[in-house]
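Numbering (the working numbering), first residue to last: 2 to 72.
We treat Cβ as the ideally placed atom computed from N, Cα and C, and that holds for glycine.
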Amino acid sequence: NTIKRTVKFLCPADIVPPYIEVDLSELDVGQKLLMRDLIVHPALKLLQSPDQPICSIIGSRAPDQKKEKSK
Numbered sequence: 002n003t004i005k006r007t008v009k010f011l012c013p014a015d016i017v018p019p020y021i022e023v024d025l026s027e028l029d030v031g032q033k034l035l036m037r038d039l040i041v042h043p044a045l046k047l048l049q050s051p052d053q054p055i056c057s058i059i060g061s062r063a064p065d066q067k068k069e070k071s072k
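Pasting the structure below:
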């Protein structure tokens, strides 16, 4: 579930990243990726709250087995 598509940083013009890559493979259902979790160049200064979520991992519910058996 994407919460934010843009991130605001202050940095020198010569190190503006074209994108920020994020690895979600280690997150489980119910976990969130926060601004503070982004791995960026040390010269980039975050201009938003480090506690702000970027995305959360949600899963689809398994079908109710009682309903499945009655079909």
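Taking the Cβ atom as the reference point for each residue, do residue i and residue j lie within a distance shorter than 8 Å?
i     : j     : result
Val41 : Pro18 : yes
Ile58 : Asp38 : no
Measure the C-alpha to C-alpha separation of residue i and residue j and round it to an integer number of angstroms.
i     : j     : result
Leu48 : Gly60 : 31 Å
Asp2  : Lys46 : Just to set this straight, residue 2 is Asn in the shown sequence, not Asp. Roughly 25 Å separates the two Cα atoms.
Ile55 : Glu27 : 15 Å
Pro43 : Ile4  : 24 Å
Val8  : Ser50 : 10 Å
List the DSSP bridge partners of residue i.
i     : result
Leu47 : Phe10
Ser26 : Answer is none; Ser26 lacks a bridge partner.
Lys33 : Ser57
Which class does residue i belong to by DSSP, given the choice of helix, strand or coil?
i     : result
Ile55 : strand
Original post:
Is the stretch 10 to 18 in contact with the stretch 27 to 34, if contact means three or more CB pairs nearer than 8 Å?
Top reply: no
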